[in-house]
Amino acid sequence: EGRVEVYHDGKWGTICDDQWDDRDAEVVCRQLGLSGTPKALSWAHYGQGSGPILLDEVQCSGNELSLDQCKKSDWGQQNCDHIEDAGVSCDPFTVVHRLFLFSPAECCPFLLPPLAEGMVRLAGGHSPSEGRVEVYYNGDWGTVCDDGWTDVAAQVVCRQL
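If you want it as structure tokens, here you go:
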């Protein structure tokens, strides 16, 4: 659960809650590979974002595989403030798919940033918020040695995710 943010044209941004409803939440939960009871939340329920508001007037039927397939305003065209940032709860959630049978770029290029040196991810955990820390470097994902690992280091990784 949390504020919904999307990645488009090299930047992350929020979605305005105009027309935001449970059908939109259903698509977000599906796109993230989460099951549960989708619930749309409005009025920056999970806090106001910063940066651009990238989408407005999202109107999904609930059957789409991604937000990109839903009726919506053009990217960056909106009439909102961050007090209207859209949120979603997929709680209680369970991870439906841990493996992608396709490239994440093919699935949802506007949701995921391109791989860049120093990006981090969690792998092998029981939920999306836990697991082994891996870092993208020189075209490959590698693990991080735990020598000298501290709570401060863990906080840095959490902020990067």
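Heads up, the sequence shown is in UniProt numbering, so the first residue is 1 and it goes up one at a time. Ideal placement from N, C-alpha and C gives every residue a C-beta, glycine not left out.
- Annotated as proximal: Asp91 and Glu1, with beta-carbon spacing under 8 Å.
- Partner residues in the beta bridge of Glu5, as assigned by DSSP, are Thr14.
- According to DSSP, residue pairing for Trp141 in a beta bridge involves Tyr136.
- Counting along the chain, the unbroken beta strand (DSSP E) around Ala40 starts and ends at Lys39 to Leu41.
- Ranking Val135, Ala154, Met119 and Asp24 by CA distance to the CA of Cys60 puts Asp24 first.
- The continuous stretches of beta strand (DSSP E) do not include Val58, and DSSP gives it neither H nor E.
- With contacts defined by Cβ atoms closer than 8 Å, Val58 and Lys72 form a contacting pair.
- Membership of Ala154 in the alpha helix (DSSP H) is indicated by the continuous run Asp151 to Gln160.
- Leu65 has its alpha-carbon roughly 24 Å from the corresponding atom of Glu84.
- Closest by C-alpha distance to Asp68, out of Gln155, Val27, Arg3 and Gln78, is Val27.
- With 16 or more other Cβ atoms from the protein chains shown falling within 10 Å of its own Cβ, Asp56 counts as buried.
- Look at Asp85 here: in three-state DSSP terms it is strand.
- Rounded to whole angstroms, the gap between the alpha carbons of Trp75 and Leu54 is 5 Å.
- Secondary structure at Leu54: strand, using DSSP grouped into helix, strand and coil.
- Between the alpha carbons of Cys16 and Gln155 lies a distance of about 29 Å.
- Boundaries of the beta strand (DSSP E) around Ala123: Val120 to Gly124.
- In the three-state reduction of the DSSP assignment, Leu34 falls in the strand class, which pools E and B.
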